[in-house]
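K.L.:
Top line first, the protein sequences correspond to chains C and A.
Count along the first sequence starting at 1, add 32, and that's the number in the working numbering.
Count along the second sequence starting at 1, add 111, and that's the number in the working numbering.
Can you read through this structure? Questions will come right after.
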Amino acid sequence: MDENKNNRESRRDFVKAAGRILLAAPVLALPVILAKRTDVKGFVWQIDPFKCTSCELCKSSCVMTPSAVKCMNAFPMCGYCDFCPGYLRQGAKTFNTAAENQLCPVGAIKRKFVEEPYFEYTIDEKLCDGCSKCVKGCYDFGNGSLYLQIMHNLCVNCNQCAIARVCPSDAISRVPAEDPYIRKEIKKL
Amino acid sequence: MSLLKRNSVIIGASVAVFAIAFSWWVLSSPSYNVVVRVPGMDNRPPQKQISDSIFIGQNFDTLGIFDEVVSGSWPRFRGADFDNISKDPTPLAETWDTSGPPVSWQVTLGEGYAGPAVHNGRVYVLDYNEKRKADMLRCFSLKSGTELWRRWYTVEFKRNHGYSRTIPAVTDKYLVTIGPRSHVMCLNPLTGELLWTIDMEREYGIQGTVKGKITPEFYSGQCPLIDNDIAIFAPGGKTLMTGVDCATGKVLWKTPNPDSLRMSHTSVIPMNIHGKKMYVYAALGGVCGVSAEGEDTGKLLWKTTAWSPSITVASPLYMGNGEIAAFGSYGAGTAKILITRDESGFKAVVAAQHKSSGGIASEQHTPIMVGDNLWAVLPENAGALKRQLACYNKSNLITPVWSSGKEGRFGKGMGPFIMSGNKLYLLDDEGTLYLFKIDKSSATLAASHKIIQAIEAWSPMAMAGKYLIMRDSHNMLCLDISKKE
């Protein structure tokens, strides 16, 4: 009889203990879950080109000099135009590679003849300082193939990205490190 | 002195080090970081005049049978009065139900932005047939969309933001077209019989010179003008403007072009300024007025080279009191050109100008003027007002009297708009048609409907009778916008 009672008590104890563990588990796990959620490991900063408004703050706000933000050309979207509004400044009377015609202040966009009337535009990342003048020109008047991205061979992945803090259109956010670039041509096409 | 002597070795060594460093600094290139940017770095070969022989208007196909003439006319770019306002008395729907305005017919076109002209129950479009590589004037029945005939000629050129661009001009007797590479045809609009042709590149081009090039970047966008049976063109090159007798093809007058003004994407617009009828043209390089009446027809009356955007598409607009609004694309903005007249003749000055972000601007479509107000869809780079429909009083082109607001933005701000009475029809680039009711200087949205999933619906629309004809890059649709019982 006593043995039966002991058995019942031990079962009750077991159920009680299990209940306590079940109740306590989420409370104990919560900090771990929260910590995991706020852990930046595995994430990098990136610009959403569909939110970017070419405000030019990427050039001046990045902790790197020159900025880790560079221009990219989405070739499947590019019109390969002779009159490229991302390459030529407004009011240019002739369409050629003369410095006075170029929109890019540092000459980072290279224009190469393909065949009449097409030209290929590539970016010299070493020269590009992320000023986004070309991005604005291309978006306003062209196909919008020029866009900005944070280059991860240059970015130091600050805990709080200095550009993200000042970006007026909230275009900069963390993205998974295994997919670190937002390719405009892939999203668009 | 003794101090100097004692330290002479140190001083001498210092001077020597400085001299070596200075010599190295002077002799070594200080410009290793300077990137040379001069013309020709893109390896573009010298541009040559295309030497192909084009047999303009060579081919003709008879297709369907004409059904009947229905009322309505839109005989040229911006309509009969060049104001983009239809005066047709047909009552139009005040709003649309969820199915939108009915589509009467729809046809597929080659890629481009060429718009329709409508006359005597027929719709004319200068299409580009990509398979045949041909400019193709296509004639459709306005009522049914049945294709009646085609007049075409092979002309090969590469796609550069589509192919076709222009709107034909049509009267009872003549129909005139300008193709993307500046080939002109004049035909009988009923039968399609070819009357005469001009190859403007050959006729007016100056070989080997940039300023003698006729067809502009992205191909010709100039819509022809027929004025009293005379076809008016502004080719640039050897001739600024010319008048050709529609009946014979004979050149009646030519305006010299000493300033080497070039063909732009705008069209020649007749205006009556200070009691004189003139043809006003916003060319590349300047704006000019050419006499359109009297013994001095064809004479250059005035010009200004002070307004010269690199690309200009919207045509000049006369605002009265000698004031013309001229528009530049790619952010160039707008200029107010003041024309004065005294005993010595006409003079033109740029009285004011602003960038696209600083007032009224138009990337492609000429604003519509109603009373003292100008209506336009502002371009992408118009700052806070970008892509909005806005209304400006002609006395103040800087601050709008009304705009459609943040929620009222339309595509990329490049779609067309047209008016009838107090109704303004606006098509955004992506194929949604909006119907606004205009009340002097404000507008109320009455209806909207997604007509098609459009790509670059940039062509001007046409209104004829109860029909509104619109297109995107590949499709032309005829909508019935009449009021239903």
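Don't be surprised by glycine CBs; every beta carbon is placed ideally from N, CA and C.
Run the CB neighbour count on A:P227, radius 10 Å, all protein chains shown included, and call it buried at 16 or more, exposed below.
P.N.:
Label assigned to A:P227: buried.
K.L.:
Can you have a look at C:F82 and say buried or exposed, based on whether 16 or more other CB atoms are within 10 angstroms of its CB?
P.N.:
It is exposed - the Cβ of C:F82 has fewer than 16 other Cβ atoms within 10 Å.
K.L.:
Counting only beta-carbon separations shorter than 7 Å, does A:Y441 have a partner in chain C?
P.N.:
It does: the Cβ of A:Y441 has a partner Cβ on chain C nearer than 7 Å.
K.L.:
Can you tell me whether DSSP reads A:M574 as helix, strand or coil?
P.N.:
Here A:M574 sits in strand by DSSP.
K.L.:
Can you tell me whether A:T366 is buried or exposed? The criterion is at least 16 other CB atoms within 10 Å of its CB, across all chains shown.
P.N.:
Answer is buried; the Cβ neighbour count reaches 16.
K.L.:
For C:D161, which residues of its own chain have a beta-carbon under 7 Å away from its beta-carbon, when the five flanking residues on both sides are left out?
P.N.:
Only K91, P98, S99 and V138 meet the Cβ criterion.
K.L.:
Give me the residue from A:G469, A:K414 and A:W260 with the minimum Cα distance to A:E304.
P.N.:
Looking at the Cα atoms, A:W260 is the closest of the given residues.
K.L.:
Pick out whichever of A:C357, A:G332 and A:S467 has its Cα sitting closest to the Cα of A:A345.
P.N.:
Considering only alpha carbons, the answer is A:G332.
K.L.:
Are the CB atoms of A:N231 and A:V180 within a distance shorter than 7 Å?
P.N.:
Cβ atoms of A:V180 and A:N231: closer than 7 Å.
K.L.:
Which residues share a DSSP beta bridge with A:K561?
P.N.:
A:T543.
K.L.:
Does any CB atom of chain C fall closer than 7 Å to the CB of A:V146?
P.N.:
Taking Cβ atoms only, chain C reaches closer than 7 Å to A:V146, which makes this a yes.
K.L.:
Kindly indicate which residue of A:K523, A:A575, A:G439 and A:A443 has the alpha-carbon position closest to the one of A:K198.
P.N.:
Nearest of A:K523, A:A575, A:G439 and A:A443 to A:K198, Cα basis: A:A575.
K.L.:
So A:D539 contacts chain C; which residues on that side make the cut at Cβ distance below 7 Å?
P.N.:
In chain order: nothing, as chain C lies at least about 16 Å away.
K.L.:
Contact criterion: CB-CB distance below 7 Å. Does C:D161 meet it with respect to chain A?
P.N.:
No, no contact with chain A.
K.L.:
Does any CB atom of chain A fall closer than 7 Å to the CB of C:P149?
P.N.:
By this cut-off, C:P149 is an interface position.
K.L.:
Does the structure place the region 430 to 448 of chain A close enough to the region 463 to 478 of chain A that three or more beta carbon pairs sit under 8 Å?
P.N.:
Yes, the region 463 to 478 of chain A touches the region 430 to 448 of chain A.
K.L.:
Would you report the Cα separation of A:T320 and A:K159, rounded to the nearest angstrom?
P.N.:
Roughly 9 Å between the two C-alpha positions.
K.L.:
Around the Cβ of A:N432, are there at least 16 other Cβ atoms within 10 angstroms (buried) or fewer (exposed)?
P.N.:
Exposed is the call here.
K.L.:
Using Cβ-Cβ distances below 8 Å, what residues of the region 103 to 114 of chain C are close to chain A?
P.N.:
Going along the region 103 to 114 of chain C in chain order, one finds G111, C113 and D114 with a Cβ nearer than 8 Å to chain A.
K.L.:
Less than 7 Å separating the beta-carbons of A:G360 and A:W307?
P.N.:
Taking 7 Å as the Cβ cut-off, A:G360 and A:W307 qualify as a contacting pair.
K.L.:
Verify whether the separation of the beta carbon atoms of A:A437 and A:A472 is less than 7 Å.
P.N.:
No.
K.L.:
Per DSSP, A:Y264 forms a beta bridge with which residues?
P.N.:
Partner(s): A:D246.
K.L.:
How big is the Cα-Cα spacing for A:G439 and C:F75?
P.N.:
Their Cα atoms are separated by approximately 45 Å.
K.L.:
Flag A:P157 as yes if its beta-carbon sits less than 7 Å from any beta-carbon of chain C, otherwise no.
P.N.:
Cβ-Cβ to chain C under 7 Å: no for A:P157.
K.L.:
As a quick exercise: from C:A57, C:L62, C:A61 and C:C87, pick the residue whose alpha carbon is nearest that of C:C199.
P.N.:
C:C199 has its Cα closest to that of C:C87, out of C:A57, C:L62, C:A61 and C:C87.
K.L.:
Let me know the secondary structure DSSP gives A:W513 once reduced to three states.
P.N.:
A:W513 falls in the strand class under three-state DSSP.
K.L.:
For the alpha helix (DSSP H) containing A:V623, name the first residue and the last one.
P.N.:
Missing from the structure shown is residue 623 of chain A; chain A here goes from 112 to 596 and no further.
K.L.:
Between the alpha carbons of A:T543 and A:L286, how many angstroms are there, rounded?
P.N.:
Roughly 31 Å separates the two Cα atoms.
K.L.:
Using 7 Å as the threshold, is the C-beta distance between A:L372 and A:G397 below it?
P.N.:
Cβ atoms of A:L372 and A:G397: closer than 7 Å.
K.L.:
Taking the continuous alpha helix (DSSP H) assigned at A:M311, which residues delimit it?
P.N.:
Counting along the chain, the alpha helix (DSSP H) containing A:M311 begins and ends at M311 to Y315.
K.L.:
Please confirm if A:M530 has its CB atom under 7 Å from at least one CB of chain C.
P.N.:
False, the Cβ-Cβ gap to chain C never drops below 7 Å.
K.L.:
Using a Cβ-Cβ cut-off of less than 8 Å, give me the residues of the region 262 to 283 of chain A that come near chain C, in sequence order.
P.N.:
For the region 262 to 283 of chain A, which is checked against every Cβ of chain C, the residues closer than 8 Å are K269, N271 and H272.
K.L.:
Would you please state the rounded distance, in angstroms, between the beta carbons of A:L203 and A:K534? I believe it to be under 8 Å.
P.N.:
Sure, about 6 Å apart at Cβ, within 8 Å.
K.L.:
For C:N128, would you say it is in contact with chain A, using Cβ-to-Cβ distances shorter than 7 Å as the test?
P.N.:
So yes, C:N128 belongs to the interface.
K.L.:
Beta carbons nearer than 9 Å to chain C: which residues of the region 402 to 436 of chain A have them?
P.N.:
Listed in sequence order: S419, P420, S421 and I422.
K.L.:
Suppose contacts are defined by Cβ-Cβ distances below 7 Å. Is A:A459 in contact with A:G526 by that definition?
P.N.:
In this structure, A:G526 does not lie closer than 7 Å to A:A459 by Cβ.
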